[in-house]
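Here the structure is laid out as structure tokens; the discussion comes afterwards.
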Amino acid sequence: MYVEFDRDTCVGMFQCVAEWDAFEKNLNDGKADLAGSEEEDEDLFVVEVPDGEELDAKFAARSCPVDAIEVYDDDGEQVV
10 MYVEFDRDTC VGMFQCVAEW DAFEKNLNDG KADLAGSEEE DEDLFVVEVP
60 DGEELDAKFA ARSCPVDAIE VYDDDGEQVV
């Protein structure tokens, strides 16, 4: 399972930070950061979800008010 985070879309409400420890507040930019992620495209960050954190990643995606977070299974199917 992996997460894609569109940082450009992020509006800095930080609900994701409360749901999953992989997200961190970046108060300088007013946006969240996805720890351990790699930038796939401009402002699109991707990270593998560690075992046992799948539910947290899904909650983070569901809590985002602007849908900047998407969760995919190992087959590339979007689950959130």
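In this note's numbering, the protein residues as written are 10 to 89. Every residue gets a Cβ at the ideal spot worked out from N, C-alpha and C, and that includes glycine. All of these numbers come straight from a predicted model, not from anything done at the bench.
Please go through the same chain and pick out, in chain order, the residues whose beta-carbon is closer than 6 Å to the beta-carbon of W29, but skip the five residues on each side of it. Once the five neighbours on either side are set aside, the close Cβ partners of W29 are D65, A66, A69.
Among M10, D42, N37, S46, which residue has its Cα nearest to the Cα of Q91? Residue 91 is absent from the structure shown; the chain starts at 10 and stops at 89.
Rounded separation between L53 and A77 - CA only: For the pair L53 and A77, the Cα-to-Cα distance works out to about 9 Å.
Just how far apart, CA to CA, sit K40 and G21? Each residue's Cα considered, the two are about 4 Å apart.
Quick one: Cα of R71 to Cα of A27, how far? Between R71 and A27, the C-alpha separation is close to 12 Å.
Among the residues of its own chain, which have a CB less than 7 Å from the CB of Y11, if the five just before and after it don't count? The beta carbon of Y11 sits closer than 7 Å to the beta carbons of V55, V56, E57, V58, Y81 from its chain, once the five residues preceding and following it are set aside; these are given in chain order.
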